[in-house]
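Peer 1: Sharing a structure here in structure tokens format.
2 protein chains.
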Amino acid sequence: MSDKDPYSVPGLVRGLTLLQTFTPQRPEQTMAQLAQTLGITRSAVFRTVHTLVQEGFLLPVRDGNHFRLGPAVLRVSYGYLASRELLEVAQKPLEALRDAQDWSGHLGVLDGRHILYLIRLPASDGLSSLVHVGSRLPATMTAMGRVLLSRKTEPQIRRLLEGQPKAATEKALAAWRKDSASPSVIHNGSFETGLCSVAAPIHDMSGEVVAAISATKQTDTVPASVEREVLKTAYAISRAMGWNAPAP
Amino acid sequence: MSDKDPYSVPGLVRGLTLLQTFTPQRPEQTMAQLAQTLGITRSAVFRTVHTLVQEGFLLPVRDGNHFRLGPAVLRVSYGYLASRELLEVAQKPLEALRDAQDWSGHLGVLDGRHILYLIRLPASDGLSSLVHVGSRLPATMTAMGRVLLSRKTEPQIRRLLEGQPKAATEKALAAWRKDSASPSVIHNGSFETGLCSVAAPIHDMSGEVVAAISATKQTDTVPASVEREVLKTAYAISRAMGWNAPAP
DNA sequence: CCAGGGCGTTTCATGGGTAAAACGCGCGCT
DNA sequence: AGCGCGCGTTTTACCCATGAAACGCCCTGG
């Protein structure tokens, strides 16, 4: 399906199609079977299978002439499931957080020296959220960014910020030293005065920080109750993902 | 990793590698980011991404310049998980069946007009199992084959058997008519006289028959208790897979 | 024992995918 | 506005992945 497309890569299409011919009903196939099933030459099957075996997507079994799917196929689906699941799973706890405190809720990840917003939940006032999904802001100037940076090492921070004005780097490192000590980060809006945010990190099962959430409102102090709720929500999201995050 | 291999397919390797760069920490990427991450030209990324989008493995999001993994990535892992899981899950119930009755246990799938053995559990006598894992026997001459054929339609059977001697086809169709009516199939050894088997199908969640199990022994009558155990085991395997098979 | 066929592998000329360069658009900065 | 840069897209000459054919091996049957 779909030829005469000048930009398609036949080799890739064949490999992906070939992988999809493996089903529970047909878990092992020989090259000849694959060639017949796909209606392509045995040469193409040979090279494709050879490549897939080297990548671990196929495993030779039995006499070496039969092949079955290898564990590597899970590598591609992992990224999808994990990222999808995080956004879906995080949605409800974040909504609960917003409704309980009427603060805007966000979820973001670190991309280089920027924070990337993936979920945006404006509070009822509609004012305390100036970003959109997909927005990028300098990490050092947001609560989520700071809490994500605070979980990196100092050399990583320096590498990330190199090329920046020296004053900005030193200021970021000062904040980094302070943020590293606390489980959450409170940040007073760098873009709009009076806008205040509190952020907490989300850990995966290996302890890696994969994302952060934050609550934002037009205020100048963050009640301890809100900070506690943010930490609890971050923990709830980790738990809902099946990850063993440290308890708040 | 791995060049100067005369049989590798660069386009395929690139596509698979590209898919693996999508992680929970980096769920969306632009072509330029991908080119930099992979260290390949933007042209290659453009063609690869274009192909992956057409196949549904990537989805353009936001402004159309960012891409994230698409649901299609699950298609390749489904076959792996499903087939792997079936074999692992089926192992223990089959062992229990063998130990309870001391009959040889097998699990097989239909491949064309042949039955493919995927699990082989010899009984203590070691005699009543003449096949190996990976063995192929004509479906019409085994209990598992007959029970799998009996879940197909008559036109499917005719197509499967075309080219066979007419007498064999008619005989198979007669057996098919009888087998369709019962939940299990008892078959007296076509390869060794006195060897008797009883087989039951395993259904997946959609009611499709994905495999069959059988118990075999040197005898000429199948006790009702063994037939009941085989049906129960097949049902137990379906249930352990999370499938809603019809109760025995 | 030797044909015959099926299958995995290898070879080789060629056509198509590839890398490089150029294009054009949008954005940020002065 | 004007400029410059970054990025997605298009083009093009080239070279490498490709399809066809041949090879060698292991079966099976006569």
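Going line by line, the protein sequences match chains A and B. Numbers 0 to 247, taken from numbering that gives the first Met the number 0, label the letters of the first sequence in order. Numbers 0 to 247, taken from numbering that gives the first Met the number 0, label the letters of the second sequence in order. Backbone N, C-alpha and C fix where the C-beta goes; we use that ideal spot for every residue, glycine too.
1. For Y6(A), does the three-state DSSP call read helix, strand or coil?
2. Given H113(B), which residues of its chain have a CB within under 8 Å of its CB, disregarding the five upstream and five downstream residues?
3. Which bits of chain B does E54(A) rub up against, with CB to CB less than 7 Å?
4. Is the CB of Y6(B) under 8 Å away from at least one CB in chain A?
5. Using a Cβ cut-off of 9 Å, pull out every chain A residue sitting near A198(B), in sequence order please.
6. Counting pairs of beta carbons, one from the stretch 99-117 of chain B and one from the stretch 210-230 of chain B, are three or more of them closer than 8 Å?
7. Anything in the stretch 81-103 of chain B with a Cβ closer than 9 Å to a Cβ of chain A? List those residues in chain order, please.
8. Tell me, which residues are paired with Y79(A) by DSSP?
9. How about L58(B): is its C-beta nearer than 8 Å to some C-beta of chain A?
10. Looking at chain A, is there any beta carbon in it that lies within less than 8 Å of the beta carbon of H49(B)?
11. What residues from the stretch 63-81 of chain A come within 9 Å of chain B, judged by C-beta to C-beta, listed N to C?
12. Does any residue of chain A have a CB that is nearer than 8 Å to the CB of Q155(B)?
13. At which residues does the beta strand (DSSP E) containing D219(B) begin and terminate?
14. Going by Cα to Cα distance, which pick from D62(A), Q53(A), G162(A), G10(A) is closest to S248(A)?
15. Nearest chain A C-beta to Q35(B) closer than 8 Å, yes or no?
16. To be precise: take each residue of the stretch 139-150 of chain A, compare its Cβ to all Cβ atoms of chain B, and keep it if any distance is under 9 Å. Which residues remain?
17. Can you pull the chain B residues whose beta carbon is under 8 Å from the beta carbon of R238(A), in chain order?
18. Let me see if you follow: with CB-CB separation under 8 Å, is R248(A) close to chain B or not?
19. For A173(A) and A235(A), what's the separation of their Cα atoms in angstroms?
20. What distance in whole Å lies between the Cβ atoms of A199(B) and A233(B), which are believed to be in contact at a cut-off of 8 Å?
Peer 2: Taking the coordinates as given:
1. Counting from one through the first sequence, the residue named residue 6(A) turns up at place 7. Y6(A) falls in the coil class under three-state DSSP.
2. Locating residue 113(B) in the second sequence gives position 114, counting from the first residue. Its chain contains R135, L136, P137, A138, G144 as the residues whose beta carbon lies nearer than 8 Å to that of H113(B), once the 5 sequence neighbours on both sides are disregarded; these appear in chain order.
3. Counting from 1 along the first sequence, the entry for residue 54(A) is found at position 55. By Cβ distance, chain B contributes V12, L15.
4. Residue 6(B) sits at position 7 when you count from the first residue of the second sequence. Taking Cβ atoms only, chain A reaches closer than 8 Å to Y6(B), which makes this a yes.
5. Residue numbering aside, residue 198(B) sits at position 199 when the second sequence is read from its first letter. Residues of chain A passing the Cβ test: none, with the nearest at roughly 16 Å.
6. yes
7. Going along the stretch 81-103 of chain B in chain order, one finds A81, S82, R83, E84, L85, L86 with a Cβ nearer than 9 Å to chain A.
8. The count along the first sequence starts at 1 and reaches residue 79(A) at position 80. Y79(A) pairs with nothing; no bridge assigned.
9. Translated into the one-based positions of the second sequence, residue 58(B) becomes position 59. Not closer than 8 Å to any Cβ of chain A, the Cβ of L58(B) fails to qualify, so no.
10. Translated into the one-based positions of the second sequence, residue 49(B) becomes position 50. Closer than 8 Å to some Cβ of chain A, the Cβ of H49(B) qualifies, so yes.
11. H65, R67, L68, G69, P70, A71, V72, L73, R74, V75, S76, Y77, G78, Y79, L80, A81
12. Within the second sequence, the letter at position 156 stands for residue 155(B). For Q155(B), not one C-beta of chain A is nearer than 8 Å to its own C-beta.
13. Your numbering for residue 219(B) matches position 220 in the second sequence. Counting along the chain, D219(B) falls outside any beta strand (DSSP E), and DSSP gives it neither H nor E.
14. The structure shown does not extend to residue 248(A), since chain A is modelled only from 0 to 247, so the question has no answer here.
15. Sequence index remark: in the second sequence, residue 35(B) carries index 36 (1-based). Answer no: the Cβ-Cβ gap between Q35(B) and chain A never drops below 8 Å.
16. none
17. Residue 238(A) sits at position 239 when you count from the first residue of the first sequence. Under the 8 Å cutoff, chain B gives no residues; its nearest Cβ is about 16 Å from R238(A).
18. Past the edges of chain A, shown from 0 to 247, lies residue 248(A), and the structure says nothing about it.
19. On the first sequence, position 174 is the one that residue 173(A) refers to. On the first sequence, position 236 is the one that residue 235(A) refers to. Rounded to the nearest angstrom, the two C-alpha atoms are 30 Å apart.
20. Stepping through the second sequence from its first residue, residue 233(B) is reached at position 234. Stepping through the second sequence from its first residue, residue 199(B) is reached at position 200. Indeed, because the Cβ distance is near 4 Å, the residues count as touching under 8 Å.
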